[in-house]
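Chemist:
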Amino acid sequence: MIYTDDGSISAYNDAYNDYYHDKKGALIESIYKHIIPAFNIINKSHIRILDICFGLGYNSFLSLVFAKKSNIKVDVYSVEIDLSLLKELHNFPYPKIISNYLEIDRIFDCINNDKIFVDSNSSLNVFRGDALYFINTLDSGFFDIVYQDAFSPSKNQLLWNEKHFLSLYRILGDRGAVTTYSSAKKVRDIARFCGFGIFDMKFANFKNGTLCTKGIYDIKDLDSVKFSYVKL
Ligand SMILES: C[S@@+](CC[C@H](N)C(=O)[O-])C[C@H]1O[C@@H](n2cnc3c(N)ncnc32)[C@H](O)[C@@H]1O
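Residue numbers (the working numbering): 11 to 242.
This is the structure we're talking about:
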């Protein structure tokens with residue numbers, strides 16, 4: 011376990027030789043690079059999110075929390091290949107914004123027994139297996155948002171290549187979007203080649219992220235109160 015600068019706890023994966031989150035903060039990375047852009051850009055009362063990949067669950071869980079707080083119906087789909095990680099996480103010291111709002115034990119009981127977690131206004135469905143297989147089974151145009159949150163492009167190459175971004179384009183609806191912590195030129199070039207519009211997400215205290223949009227989006231469509239976007 012690793013304490014990040016915002017006090018939230020993350021981890022390091024020896025097999026991939028990579029961190030699960032930015033050392034500046036697991037919580038703020040998830041909130042600023044995924045949750046706020048997602049809830050900001052999709053102006054709907056029912057949002058379908060694909061979280062690639064589940065990892066420690068910050069993105070999926072915070073989506074359920076934000077859904078609860080904003081009275082929006084959210085269906086979160088996620089995928090995770092590391093089954094032993096999923097078995098250990100019910101004891102993970104999640105930040106209070108997660109543990110105070112969600113029934114963590116019931117959620118992990120569902121995840122580890124292949125059941126969908128259903129709450130009053132939200133659901134979480136975690137597929138235990140390979141994201142590359144899972145994404146191929148998904149219907150075209152089904153999702154509003156994809157959180158692209160695999161390990162870094164050099165460590166998790168198959169989840170950052172052209173084939174993968176074409177799949178993401180296929181499963182997103184007309185005005186859907188991909189959020190990612192990566193600001194790598196190579197990733198942005200691939201996403202642009204696959205048809206996405208590319209926006210740089212700038213933050214005061216940590217590394218830029220990228221918002222990849224499907225359909226025509228202009229800078230005025232994005233609320234830049236919490237941070238600024240630059241269209242590239
Ligand atoms: C950076 S972490 C995800 C962090 C997570 N989104 C969170 O909020 O805590 C990357 C995760 O991708 C998983 N992973 C890597 N390759 C995968 C694959 N092909 N299919 C499914 N999961 C994969 C790893 O096991 C790891 O848990």
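We treat Cβ as the ideally placed atom computed from N, Cα and C, and that holds for glycine.
Between which two residues does the alpha helix (DSSP H) carrying Asn-174 extend?
Modeler: Counting from 1 along the sequence shown, the entry for residue 174 is found at position 164. First, the amino acid is wrong: residue 174 is His here, not Asn. From DSSP, the alpha helix (DSSP H) with His-174 extends over 172-181.
Chemist: Who are Leu-23's beta bridge partners in DSSP?
Modeler: Translated into positions along the sequence shown, residue 23 becomes position 13. Here residue 23 is Asn; the residue named in the question, Leu, does not match the sequence. DSSP lists Asp-28 as the beta-bridge partner residues of Asn-23.
Chemist: Going by other Cβ atoms of all chains shown within 10 Å of its Cβ, with 16 needed for buried, is Lys-224 buried or exposed?
Modeler: Translated into the one-based positions of the sequence shown, residue 224 becomes position 214. Classification of Lys-224: buried, given that the 10 Å Cβ count is 16 or more.
Chemist: At a threshold of 6 Å, does Val-240 count as lining ligand 1 (C-beta to nearest heavy atom)?
Modeler: Here the question's residue 240 lines up with position 230 in the sequence shown. For ligand 1, not one heavy atom lies less than 6 Å from the Cβ of Val-240.
Chemist: According to DSSP, which residues form a beta bridge with Asn-135?
Modeler: Position 125 of the sequence shown, counted from the first residue, corresponds to residue 135. Looking at the DSSP assignment, Asn-135 forms a beta bridge with Tyr-87.
Chemist: Below 8 Å on the Cβ atoms is my guess for Tyr-87 versus Asn-53; work out the distance and round it to an integer in Å.
Modeler: Within the sequence shown, the letter at position 77 stands for residue 87. Within the sequence shown, the letter at position 43 stands for residue 53. Contact flag wrong, Cβ pair sits at about 21 Å.
Chemist: Which value, in whole angstroms, describes the spacing of the CA atoms of Gln-167 and Ile-19?
Modeler: For the purposes of this step, residue 167 is taken as residue 157 along the sequence shown, with counting starting at 1. For the purposes of this step, residue 19 is taken as residue 9 along the sequence shown, with counting starting at 1. Gln-167 and Ile-19: Cα-Cα distance of roughly 26 Å.
Chemist: Could you tell me which of Tyr-26, Ile-12 and Tyr-13 sits nearest to Lys-165, measuring between CA atoms?
Modeler: Along the sequence shown, read from residue 1 onward, the residue named residue 165 stands at position 155. The residue with the shortest Cα to Cα distance from Lys-165 is Tyr-26.
Chemist: Would you kindly work out how many angstroms separate the C-alpha atoms of Ile-181 and Thr-220, rounded to a whole number?
Modeler: Position 171 of the sequence shown, counted from the first residue, corresponds to residue 181. Position 210 of the sequence shown, counted from the first residue, corresponds to residue 220. Answer to the nearest angstrom: the Cα atoms are 19 Å apart.
Chemist: In whole angstroms, give me the CA-to-CA distance for Ile-121 and Ile-114.
Modeler: By 1-based counting over the sequence shown, the position of residue 121 is 111. By 1-based counting over the sequence shown, the position of residue 114 is 104. Looking at the two C-alpha atoms, the distance is approximately 10 Å.
Chemist: Using the rule of at least 16 other Cβ atoms within 10 Å of the residue's Cβ for burial, across every protein chain shown, is Tyr-13 buried or exposed?
Modeler: The sequence position of residue 13 within the sequence shown is 3, counting from 1. When all chains shown are included, Tyr-13 counts as exposed.
Chemist: Rounded to whole angstroms, how far is the Cβ of Phe-127 from the Cβ of Phe-137, which I believe are closer than 8 Å?
Modeler: By one-based count along the sequence shown, residue 127 stands at place 117. By one-based count along the sequence shown, residue 137 stands at place 127. With 8 Å as the limit, Phe-127 and Phe-137 do not qualify as a contact, their Cβ atoms being about 13 Å apart.
Chemist: Straight-line CA distance for Asp-239 to His-100?
Modeler: The residue labelled residue 239 in the question sits at position 229 within the sequence shown. The residue labelled residue 100 in the question sits at position 90 within the sequence shown. In the sequence as presented, Asp is not what sits at residue 239; that position holds Tyr. Taking the straight line from one Cα to the other gives about 36 Å.
Chemist: Flag Gly-35 as yes when its Cβ comes closer than 6 Å to any non-hydrogen atom of ligand 1, and as no otherwise.
Modeler: Indexing the sequence shown from 1 puts residue 35 at position 25. Flag unset: Cβ of Gly-35 not near ligand 1.
Chemist: Considering only residues of the same chain and omitting the five flanking positions on each side of Gly-151, which have a CB-CB separation below 6 Å?
Modeler: Residue mapping note: residue 151 aligns to position 141 of the sequence shown, counting from 1. Counting only Cβ-Cβ distances below 6 Å, and skipping sequence neighbours, we find Gly-183.
Chemist: Where do the N-terminal and C-terminal ends of the beta strand (DSSP E) with Asp-154 fall, by residue?
Modeler: Locating residue 154 in the sequence shown gives position 144, where the first residue counts as 1. 153-158 is the extent of the beta strand (DSSP E) around Asp-154.
Chemist: Does the distance from the C-beta atom of Asp-15 to that of Ser-162 stay below 7 Å?
Modeler: The residue given as residue 15 occupies position 5 in the sequence shown. The residue given as residue 162 occupies position 152 in the sequence shown. No, the Cβ-Cβ distance between Asp-15 and Ser-162 is not below 7 Å.
Chemist: Does the Cβ of Gly-183 lie closer than 6 Å to at least one heavy atom of ligand 1?
Modeler: Numbered from its first residue, the sequence shown carries residue 183 at position 173. Incorrect: Gly-183 has no Cβ contact closer than 6 Å to ligand 1.
Chemist: For the beta strand (DSSP E) holding Ser-238, just list the boundary residues, first then last.
Modeler: Taking the sequence shown and counting its residues from 1, the one referred to as residue 238 is at position 228. Counted as a single uninterrupted DSSP element, the beta strand (DSSP E) harbouring Ser-238 occupies residues 238-241.
Chemist: Measure from the alpha carbon of Ile-205 to the alpha carbon of each residue in Leu-178, Tyr-22 and Lys-196, then state which is nearest.
Modeler: As a working note, residue 205 is residue 195 in the sequence shown. First, the amino acid is wrong: residue 205 is Gly here, not Ile. Residue Leu-178 is the option with its Cα nearest to Gly-205.
Chemist: Given that a residue counts as buried once 16 or more other Cβ atoms are within 10 Å of its Cβ, and exposed if not, what is Arg-198?
Modeler: Reading the sequence shown from its first residue, position 188 is the one you call residue 198. Buried: at least 16 other Cβ atoms inside 10 Å.
Chemist: Can you determine whether any heavy atom of ligand 1 sits closer than 6 Å to the C-beta of Ile-57, and answer yes or no?
Modeler: Mapped onto the sequence shown, residue 57 falls at position 47. No, the beta carbon of Ile-57 sits no closer than 6 Å to any heavy atom of ligand 1.
Chemist: List the endpoints of the continuous alpha helix (DSSP H) containing Phe-76.
Modeler: As a working note, residue 76 is residue 66 in the sequence shown. Here the alpha helix (DSSP H) through Phe-76 covers 68-80.
Chemist: Near His-44, which residues of its chain fall below 6 Å by C-beta distance, leaving aside the five closest residues on each side in sequence?
Modeler: Taking the sequence shown and counting its residues from 1, the one referred to as residue 44 is at position 34. Cβ within range, chain order: Asn-69, Tyr-157 and Thr-189.
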